[in-house]
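Below you'll find the structure, written out as structure tokens, and then a few comments.
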Amino acid sequence: MQLDQAQIAICERSWLDNLDLALHVLRSRAAGITASALAGIVPLAALNYLLLSLAHSRRFSDDMTSGAILVSTFLVMLEAPLATAPLTLYLGQAMFVNKPRPRQIAREFWTCLPQLFVLQVLLRSLLILPIMTWIVPYGIWPYLNEVILLERNPLFSRQGHISTLKRNTNLHRNNNGEFLLSAIGAGCLAPLLIVALWSTQRILLETLFNFQPPWGGQVIAFQAVLWLVVVYFTVARFLCYLDQRIRTEGWEVELYLRAEGDRIARRIA
Amino acid sequence: MSKLPRQLDSRIEIVTPENIAFAYVLAGPFRRLPAFLIDFAIRAAVLFLLAMGCLVLSVASLSGIGLGVFLVVWFVLSWFYGGLFETFWNGQTPGKRLLGLRVLSIDGQPINALQAVLRNVLRDVDALPLALSVVPLYMLALATMTANNRFQRLGDLASGTIVVVEKRSKLRGLVMMNRPEVVAFAQTLPVGFVASRAMSHALSTYVARRELFSAPRRFEIARNLAEPLCLRWGLPIDTNPDLLLSALYYRTFIADRPGHEPTLRAPVAVPVEVASP
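Now the structure itself:
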């Protein structure tokens, strides 16, 4: 791993710094992030629209109801790990190369799909109580997706390779309190962002175009806002994952020592 | 003049007109949010207390005076709370001071009164759009801060300011490094060697953090500096890199300090004990 050639500077950052830096990353890598995010999100967003339309034809009124908002939010939270997998793979590549290759991302996605399905879909379904479903993957194992997609350990340990769950436990060991605090912070910020973005698009449509979208348009706009916030937090989580590895594996220290080592080697040469 | 790094980073280097370079961490919207909330809470508390005072005055048939005072204070707090504090507290409000943030001009100079007032008056533009005509959403500020490299909102762009995180240097003590093998190995190192400032920094960072890494990882990290040093000093190539760096740290920070007289032992080169990862 060429740490000194990373596209994002290697140094320890706080959670809030990572949230800020995620805005920079979103802007500077807008095209790649949009493309990889859409690749994962569009099929699931279409599925959500279909499900909501079926329910709407029977129960909902013409305006966005609290039921539709709740169901949309629940679906998006369940689908987020799977939908953001291509984006996470893209970010993993974009960290070290200027132009990530879509074909490689697609190949890696298919390779990781069974593990994603087992750990992020089946395992979560087993943790059936909603509170557990949210706390375990988001609060205590925030980087499970990154471990599955970027570290690519086997599902079951083999000789010389630890399993994904073991690696996941190692990465998250001794930091549960910190992760839980970050999850609570994200749990407060995300709804605020959703409300602010949703209100902004409504204000803009009404004041600039005097346009009130129909039910279908409102569902699409609300889902778009939800996915936008999910994408932002995926980028921020990726940066936090890097930060976690910097702390536990000493990437920053390695850079200092390597720079000094190179200086001495040049002097010898 | 400020210089942005090649890599994506929230750090910025500012070269002052005196040609002195300072590195700062920029404070973006989320880093500023807690400070904003603290300032908001202070203003709300002051207004609440004042409202209570007005109620007391109204009981004494002085409600007109109470209302007048309340309106004046409300006006001053709304429009000049940030401007006044940032002018007289050198770019800080109580919230910013608590959280170690400071407003600077983009050339690294302290801000003046005009800049302080302008950036705070324009906060109302940054707060747009307003939900239900009263609740500020701050989406214009978020969009502007995302769109530029220095996390400047419209008020910052107009007044030529940035918000930075003040570096609070952590004074770390020396790491206790008196293991006998380290002390012994330190005696085998060349007598005249003096670590440069950069190397001292690298060594102290490594020794301060080495306990957090697994043994193979420690080996892997230390090797980056240990191998060139072995070549330079003609030490066996299988010298334990972690031990070499620990010994170098001991020599640089502990043994070579005035007044310290280390116990001399026979020089030994300890081979690698940790398997290569």
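Line by line, the protein sequences are chains A and B. If you count the first sequence from 1, position 82 lands on 64 in this note's numbering, and the numbers rise without skipping. If you count the second sequence from 1, position 99 lands on 531 in this note's numbering, and the numbers rise without skipping. Positions of the beta carbon are idealized from the N, C-alpha and C atoms, including for glycine. On a predicted model such as this, the values are computed, not experimentally measured, just so you know.
Exercise for the section: Quick one: grab the DSSP three-state call for A/Y125. Expected result: Three-state result, A/Y125: coil.
Practice task
Answer yes or no: the CB of B/Q619 versus the heavy atoms of the ligand FMN, is any distance below 7 Å?
Solution key: Among the components modelled here there is no ligand, and therefore nothing to report on the ligand FMN.
Handout entry: Short CB-CB distance (under 8 Å) between A/V7 and chain B
Key = For A/V7, the answer is yes, since a Cβ of chain B falls inside 8 Å of its Cβ.
Problem - Below-8 Å beta-carbon distance, B/V607 vs any chain A residue - result: By this cut-off, B/V607 is not an interface position.
Exercise for the section: Report the three-state DSSP secondary structure of B/P568 (helix, strand or coil). Expected result: If DSSP states are grouped into helix, strand and coil, B/P568 belongs with the strands.
Handout entry: Chain-ordered neighbours of A/A(-12) on chain B, where CB pairs are closer than 8 Å
Key = In chain order: Q439.
Exercise for the section: Determine, using beta-carbon pairs with one atom in the stretch 535 to 544 of chain B and one in the stretch 466 to 473 of chain B, whether at least three such pairs fall under 8 Å. Expected result: Proximity of the stretch 535 to 544 of chain B to the stretch 466 to 473 of chain B falls short of the contact definition, fewer than three beta-carbon pairs being nearer than 8 Å.
Exercise for the section: Can you say whether A/R85 is buried or exposed, counting buried as having 16 or more other CB atoms within 10 angstroms of its CB? Expected result: With fewer than 16 Cβ atoms within 10 Å of its Cβ, A/R85 is classed as exposed.
Exercise for the section: Have a look at the DSSP bridge pairing and note the partners of B/A455. Expected result: Its beta-bridge partners are B/E445.
Handout entry: chain A contact residues for B/S442, given Cβ-Cβ distances below 8 Å
Key = Per Cβ cutoff of 8 Å: R(-5), D(-1), D2, L3 and H6.
Handout entry: A/L132 versus A/F220, A/Q194 and A/G199, residue with shortest Cα-Cα distance
Key = Comparing alpha-carbon positions, the option among A/F220, A/Q194 and A/G199 lying closest to A/L132 turns out to be A/F220.
Exercise for the section: Tell me the start and end of each unbroken alpha helix (DSSP H) in the stretch 610 to 693 of chain B that is at least 4 residues and wholly inside, in chain order. Expected result: At a cut-off of 4 residues, the continuous stretches assigned as alpha helix (DSSP H) that sit fully inside the stretch 610 to 693 of chain B are 612 to 618, 629 to 641, 647 to 665 and 673 to 681.
Exercise for the section: Check whether the stretch 617 to 636 of chain B touches the stretch 225 to 232 of chain A, taking contact to mean three or more Cβ pairs, one atom from each stretch, closer than 8 Å. Expected result: The stretch 617 to 636 of chain B is not in contact with the stretch 225 to 232 of chain A.
Practice task
Taking 8 Å as the cut-off, decide whether the C-beta atoms of B/Y710 and B/R464 are in contact.
Solution key: This structure gives no information on residue 710 of chain B, because the portion of chain B shown stretches from 433 to 709.
Practice task
Please list the segments of the alpha helix (DSSP H) lying wholly inside the stretch 38 to 93 of chain A, counting only runs of 4 or more residues, in order along the chain.
Solution key: Those alpha helix (DSSP H) runs which fall completely within the stretch 38 to 93 of chain A and span 4+ residues are 48 to 65 and 67 to 76.
Exercise for the section: Taking the CB atoms as reference points, tell me whether B/T684 and A/V235 lie closer together than 8 Å. Expected result: Contact: no.
Practice task
Just the C-alpha distance for A/F78 and A/I(-10), rounded to the nearest angstrom, thanks.
Solution key: Cα to Cα, A/F78 sits roughly 8 Å from A/I(-10).
Practice task
Flag B/S708 as yes if its beta-carbon sits less than 8 Å from any beta-carbon of chain A, otherwise no.
Solution key: Residue placement at B/S708 is flagged as unreliable, the pLDDT there being 39, under the threshold of 50; a coordinate-derived value is accordingly withheld.
Handout entry: Coarse secondary structure for B/V607, derived from DSSP in three states
Key = The answer is coil: DSSP assigns B/V607 none of H, G, I, E or B.
Problem - Burial state of A/Q200, where buried means 16 or more other Cβ atoms lie within 10 Å - result: Buried.
Handout entry: At least three beta-carbon pairs within less than 8 Å, the stretch 180 to 189 of chain A to the stretch 125 to 139 of chain A
Key = No: fewer than three Cβ pairs fall under 8 Å.
Exercise for the section: Could you tell me whether the stretch 519 to 536 of chain B touches the stretch 566 to 578 of chain B, using the rule of 3 or more Cβ pairs below 8 Å? Expected result: Judged by Cβ distances under 8 Å, the stretch 519 to 536 of chain B makes no contact with the stretch 566 to 578 of chain B, as fewer than three pairs qualify.
Practice task
Assess, as a yes-or-no matter, whether the stretch 121 to 128 of chain A is touched by the stretch 144 to 155 of chain A under the definition of 3 or more beta carbon pairs within less than 8 Å.
Solution key: A contact exists between the stretch 144 to 155 of chain A and the stretch 121 to 128 of chain A.
Exercise for the section: Spell out whether any CB of chain B is found under 8 Å from the CB atom of A/S181. Expected result: Yes, contact with chain B.
Problem - B/I594 - partner residues in DSSP beta bridges - result: In the DSSP assignment, B/I594 forms a beta bridge with B/L536.
Practice task
Grab the span of the alpha helix (DSSP H) containing B/R529 for me, first residue to last.
Solution key: Start and end: P526 to L531.
Practice task
Output, in chain order, the set of chain B residues within a Cβ distance shorter than 9 Å of A/V211.
Solution key: None at all; the shortest Cβ gap to chain B is about 12 Å.
Handout entry: Contact with chain A by B/V457, beta-carbon distance below 8 Å
Key = So, interface residue.
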